[in-house]
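Below is one structure, written out as structure tokens; comments come after it.
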Amino acid sequence: MNGSGGTMLAMFLIYGTSALASDLAWSWDKSESVKYRLETTLVAPQGQTWPAENNLVARVTETRAKLEVDCSGALDGKLWLVTCSLGQVELSGIPLIGTEDVMKTVFKEYAAEIEGKTVSFRMGPDGKVRRFDLKGVSTRNSDHGEVIDGLRQILRRAFTPFDLQLPKSGDDKGKKWSQKGSPMLFEVMTSQGTAGGVSLKHVVSAREEDAVHIESNGRAAVVDGATIEGGASSMIRISAKAKSQFNTALGVLDWGQVDTQSDHSASNMQGLSKDGPPRFSAQIGRIGDDGAVLKPDA
1 MNGSGGTMLA MFLIYGTSAL ASDLAWSWDK SESVKYRLET TLVAPQGQTW
51 PAENNLVARV TETRAKLEVD CSGALDGKLW LVTCSLGQVE LSGIPLIGTE
101 DVMKTVFKEY AAEIEGKTVS FRMGPDGKVR RFDLKGVSTR NSDHGEVIDG
151 LRQILRRAFT PFDLQLPKSG DDKGKKWSQK GSPMLFEVMT SQGTAGGVSL
201 KHVVSAREED AVHIESNGRA AVVDGATIEG GASSMIRISA KAKSQFNTAL
251 GVLDWGQVDT QSDHSASNMQ GLSKDGPPRF SAQIGRIGDD GAVLKPDA
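Residue numbering for the sequence shown follows my numbering, starting at 1 and increasing by one per position.
Structure representation (structure tokens):
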């Protein structure tokens, strides 16, 4: 082809490629709501306690949560205000020997506490999650306050795949890009925050018509905020991998999965435990109009 036809084809290829390269931006207003199924597994080799009211305490080495959410978003200034109503909630786990009945009772109470409630967070067009919170709950007493705090921690793990920062101006320029700030991926189970150095990089691994596949890898060395206040510093090393499929037509994720591994630094006494500190994995999948959950290939 030559002449004006060749020129038009060249222009299409240039602008078409440019348009495809700059489509990585979150947008929550392209549909009324988006439904997802969330699953997360929290592994605590040295044990995790989940306190409830009436002096009940579940003691587990693994916590599993499955829930369905219905999310919608609207612009609030330059940020998206995203609200997700929590549908059916399933909590299970691996209890310490002889405590299965207590675990079931506690997790039943936990699930009933958040079913029908709302999670909200703010998100920039780049995808960084800010001000994550559980709405519609109130603290009756100190015991109930511990329940609410525990539920927030579980939900933060379940929602972690949403915290995917996309490249500036939606254009990856064919290169890796870094996630700024403190990614949810490297949080530890504490209500007092973490401190330390992190590195998380993303890269586009494949493109389809309306889907961009993203792979993520990162490392962090963090300190639990509670140990800092107590005059100690238990350094935890975390490595993480993630995969996501971003839907460029909808402006949201089709699916995402994250997995972390952790270990204590060599200078920590806790490092003598061969099982290491807690870690978690999480997966989200958009529920299509036919009710099927989108998820990565096995």
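Virtual Cβ for every residue (Gly too), placed ideally from N, Cα, C.
Practice problem: With a 10 Å radius around its C-beta and 16 neighbouring C-beta atoms as the bar for buried, classify aspartate 254 as buried or exposed. | Solution: Along the sequence shown, one-based indexing puts residue 254 at 254. Aspartate 254 should be labelled buried.
Taking the alpha-carbon positions, what's the alanine 112 to valine 89 distance?
In the sequence shown, residue 112 corresponds to position 112, counting from 1. In the sequence shown, residue 89 corresponds to position 89, counting from 1. Each residue's alpha carbon lies about 8 Å from the other.
Could you name the residues of the same chain whose beta carbon sits closer than 8 Å to that of valine 129, not counting the 5 residues immediately before and after it, in chain order?
-> By 1-based counting over the sequence shown, the position of residue 129 is 129. Excluding positions up to five away in sequence, the list reads Phe121, Arg122, Met123, Phe159, Phe162, Asp163 and Met184.
### Message
I need the straight-line Cα distance from isoleucine 228 to valine 222, nearest angstrom please.
### Response
Counting from 1 along the sequence shown, the entry for residue 228 is found at position 228. Counting from 1 along the sequence shown, the entry for residue 222 is found at position 222. Any answer about isoleucine 228 is weak, because its pLDDT of 44 lies below 50 and its placement is not dependable; what the coordinates show is given next. So the alpha carbons of these two residues sit roughly 11 Å apart.
With DSSP as the reference, identify every bridge partner of asparagine 217, one or two as the case may be.
The sequence position of residue 217 within the sequence shown is 217, counting from 1. Looking at the DSSP assignment, asparagine 217 forms a beta bridge with Lys201 and Lys241.
For leucine 166, name the three-state secondary structure that DSSP assigns.
The count along the sequence shown starts at 1 and reaches residue 166 at position 166. It is coil, neither helix nor strand.
With respect to the beta strand (DSSP E) encompassing aspartate 263, which residues constitute its N-terminal and C-terminal limits? Here residue 263 refers to the residue found at position 263 of the sequence shown. It spans 252 to 264 - the beta strand (DSSP E) in which aspartate 263 sits, taken as one unbroken run.
With a cut-off of 8 Å, do at least 3 Cβ pairs link the region 23 to 33 to the region 242 to 258?
yes
Arginine 37 beta carbon less than 8 Å from that of valine 293: Walking along the sequence shown from the start, residue 293 turns up at place 293. Walking along the sequence shown from the start, residue 37 turns up at place 37. Going by C-beta atoms, valine 293 is nearer than 8 Å to arginine 37.
Tell me which residues share the same chain as serine 85 and place their Cβ nearer than 7 Å to its Cβ, disregarding the 5 neighbours each side in the sequence.
Residue mapping note: residue 85 aligns to position 85 of the sequence shown, counting from 1. Excluding residues within five positions, the ones whose Cβ falls inside 7 Å are Val69, Asp70 and Thr118.
Terminal residues of the beta strand (DSSP E) in which serine 136 lies:
One-based indexing of the sequence shown puts residue 136 at position 136. Looking at the sequence provided, one finds glycine at residue 136 rather than serine. Per DSSP, glycine 136 belongs to no beta strand (DSSP E) and is neither H nor E.
Practice problem: Verify whether the separation of the beta carbon atoms of serine 205 and alanine 242 is less than 8 Å. | Solution: If you number the sequence shown from 1, residue 205 lands on position 205. If you number the sequence shown from 1, residue 242 lands on position 242. Cβ atoms of serine 205 and alanine 242: not closer than 8 Å.
- How close, in whole Å, do the beta carbons of aspartate 275 and glutamine 46 come, if the pair is a contact with beta carbons under 8 Å? For the purposes of this step, residue 275 is identified with residue 275 of the sequence shown, where counting begins at 1. For the purposes of this step, residue 46 is identified with residue 46 of the sequence shown, where counting begins at 1. Here aspartate 275 really is in contact with glutamine 46; their C-beta atoms are around 6 Å apart, less than 8 Å.
Could you spell out the range, first to last residue, of the alpha helix (DSSP H) harbouring valine 147?
Residue numbering aside, residue 147 sits at position 147 when the sequence shown is read from its first letter. That run of the alpha helix (DSSP H) goes 142 to 159.
Distance check for proline 296 and threonine 62, CA to CA, integer angstroms please.
For this step, residue 62 is matched to residue 62 along the sequence shown. For this step, residue 296 is matched to residue 296 along the sequence shown. The sequence as given places glutamate at residue 62; threonine does not occur at that position. Their Cα atoms are separated by approximately 24 Å.
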